[in-house]
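J.:
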Amino acid sequence: MSSAKIGVSMLYRLGDSFNRMVKRLGTENTRCIEILDDGAHELSKTRVSLLREVAKSYDLEFTVHAPFADINIASPSRTILEVALKRLEKSLYYAHALDAMLWVLHPGAKTGISQFYPDAGWKQNVESIEELYAKAEHLGVNVAIENLPAKYWFLMSSPEDFCRFYRETSLPIGIVLDVGHAHLESQVQPFFDQLADKIVHIHVSDNHGVNDDHLGVGYGTVDYDWFAKTLKKVDYNQRIIVESCTHVPESLQKLMLMLNPEQSAFDAN
Ligand SMILES: [Mn+2]
């Protein structure tokens with residue numbers, strides 16, 4: 022039996038209004054909820070108070086996904102970077118106010134002019150993470166960085182990128198392993214082989230190895246049997262968040278059965 026906690030990201034409800042999403046939080050079949058601080062669900066003081074009340078009623082615990090629309094922490098433009106970091110700091114503050122267990126951060130990405138400034142983007146990515154980490158530490162918020170596909174120009178995609186990051190900084194920052202993203206580059210197994218001890222949070226969804234489709238678990242080509250076996254092998258005991266946009270309750274149920282076959286979905290909470 023695995024002691025990992027299985028939760029769900031509100032990504033799939035991003036098309037709903039914030040209030041509608043909040044009203045349904047008690048019906049997600051898990052106590053473990055990831056709030057996406059972006060789009061229609063962008064956090065505010067009032068929204069944080071509302072979420073805190075709902076968390077009390079349903080005994081929920083939150084993780085917060087940092088905003089990522091139009092945000093690039095490796096931006097070559099000082100002006101744009103400052104705005105992005107300000108927005109991220111606001112999100113960190115709300116994660117703190119929500120007593121969130123973790124704040125999930127996307128790494129920076131290359132831009133259309135990166136080829137002229139080799140390594141400047143990587144350097145800025147590391148500096149921005151260091152800056153945000155210091156702010157998070159001050160607030161007492163845990164931060165971890167998610168692997169994002171290189172095909173979408175992101176700078177931290179493979180275990181090698183994360184190893185380089187760890188060589189260049191001394192930050193004790195963990196990895197959010199996004200299984201769908203890693204699958205696009207056949208990196209799921211390499212992440213577990215090389216960095217299992219750094220993985221502090223997991224996003225799951227499925228795809229066919231081509232596009233980041235965020236399909237339900239079992240609807241693409243990710244080998245979830247191997248995944249479940251590996252989690253048991255490495256004794257993973259932290260959160261696994263379903264980040265599918267379709268078949269969400271079914272994905273949650275499948276994972277619960279894979280990891281705790283002798284328990285019912287509700288007991289597994
Ligand atoms: Mn993800």
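Note that the working numbering has the sequence shown beginning at 22, numbered continuously upward. Where a beta carbon is used, it is the ideal one built from N, C-alpha and C, also for glycine. Fair warning: this is a prediction, and the values are worked out from it, not measured in the lab.
(1) Do Val85 and Ala61 have their C-beta atoms closer together than 8 Å?
(2) May I ask whether a heavy atom of ligand 1 can be found less than 7 Å away from the beta carbon of Glu55?
(3) Candidates Arg260, Gly230, Leu192 and Val238: which alpha carbon is nearest Ile220's?
(4) Using the three-state DSSP reduction, which class does Ala289 fall into: helix, strand or coil?
(5) Buried or exposed, going by whether 16 or more other CB atoms sit within 10 Å of the CB of Lys275?
(6) Only counting the same chain, and skipping five residues up and downstream in sequence, which positions put a Cβ closer than 7 Å to that of Leu57?
(7) Which residue spans inside the region 24-98 form an unbroken beta strand (DSSP E) run of at least 3?
(8) In whole angstroms, what separates the C-alpha of Trp222 from that of Ser135?
(9) Does Trp124 come out as helix, strand or coil in the three-state DSSP assignment?
(10) In chain order, what residues of the same chain lie with their CB nearer than 8 Å to the CB of Leu153, ignoring the 5 residues before and after it?
(11) Under the three-state reduction of DSSP, which class applies to Leu169: helix, strand or coil?
(12) Whole angstroms is fine: what's the gap from Ala141's alpha carbon to Pro97's?
(13) Quick one: Cα of Asn40 to Cα of Phe137, how far?
(14) Would you report the Cα separation of Leu202 and Ser226, rounded to the nearest angstrom?
(15) Can you tell me the Cα-Cα spacing of Lys254 and Glu49, whole angstroms?
(16) Evaluate Val231 with the Cβ neighbour count: other Cβ atoms within 10 Å of its Cβ, from every protein chain shown; 16 or more gives buried, anything less gives exposed.
(17) Taking Val231 as part of the alpha helix (DSSP H), name the residues at either end of that continuous run.
(18) Would you mind working out which of Leu273, Ser78, Ala90 and Ser23 sits nearest Lys44, comparing C-alpha positions?
(19) Could you tell me if the beta carbon of His222 falls within a distance shorter than 7 Å of some heavy atom in ligand 1?
(20) Mapping DSSP to helix, strand and coil, what is Ile261?
(21) Between which two residues does the beta strand (DSSP E) containing Leu198 stretch?
(22) Is Asp80 a contact residue of ligand 1, with contact defined as CB to any heavy atom under 7 Å?
(23) Hey, is Asp58 close to ligand 1, as in C-beta under 7 Å from one of its heavy atoms?
(24) Comparing the CB of Asp199 with every heavy atom of ligand 1, is any distance shorter than 7 Å?
(25) Do you know whose CA, among Glu206, Lys156 and Ala155, lies nearest Met177's CA?
(26) If the criterion is Cβ atoms closer than 8 Å, does the pair Asp233 and Pro170 meet it?
(27) What residue from Leu278, Ile92 and Cys53 has the CA that sits closest to Phe83's CA?
(28) Whole angstroms is fine: what's the gap from Trp143's alpha carbon to Glu189's?
T.: According to the structure data:
(1) no
(2) no
(3) Arg260
(4) Interpretation of Ala289 is limited by its pLDDT of 44, a score under 50 that renders its predicted location unreliable; the figure taken from the coordinates is listed afterwards. Coil at Ala289, not helix or strand.
(5) buried
(6) Ser30, Met31, Leu32, Leu35 and His86
(7) 26-30, 53-57 and 82-86
(8) Here residue 222 turns out to be His, not Trp, going by the sequence shown. Rounded to whole angstroms, His222 to Ser135 spans 30 Å at the Cα level.
(9) strand
(10) Ile94, Leu106, Leu109, Glu110, Leu113, Leu126 and Val164
(11) coil
(12) 8 Å
(13) 45 Å
(14) The sequence shown places His at residue 202, rather than the Leu named in the question. Taking the straight line joining both Cα atoms gives about 9 Å.
(15) 28 Å
(16) exposed
(17) Here Val231 belongs to no alpha helix (DSSP H), and DSSP marks it neither H nor E.
(18) Ser78
(19) no
(20) strand
(21) Gly195 to Asp199
(22) no
(23) no
(24) yes
(25) Glu206
(26) yes
(27) Cys53
(28) 11 Å
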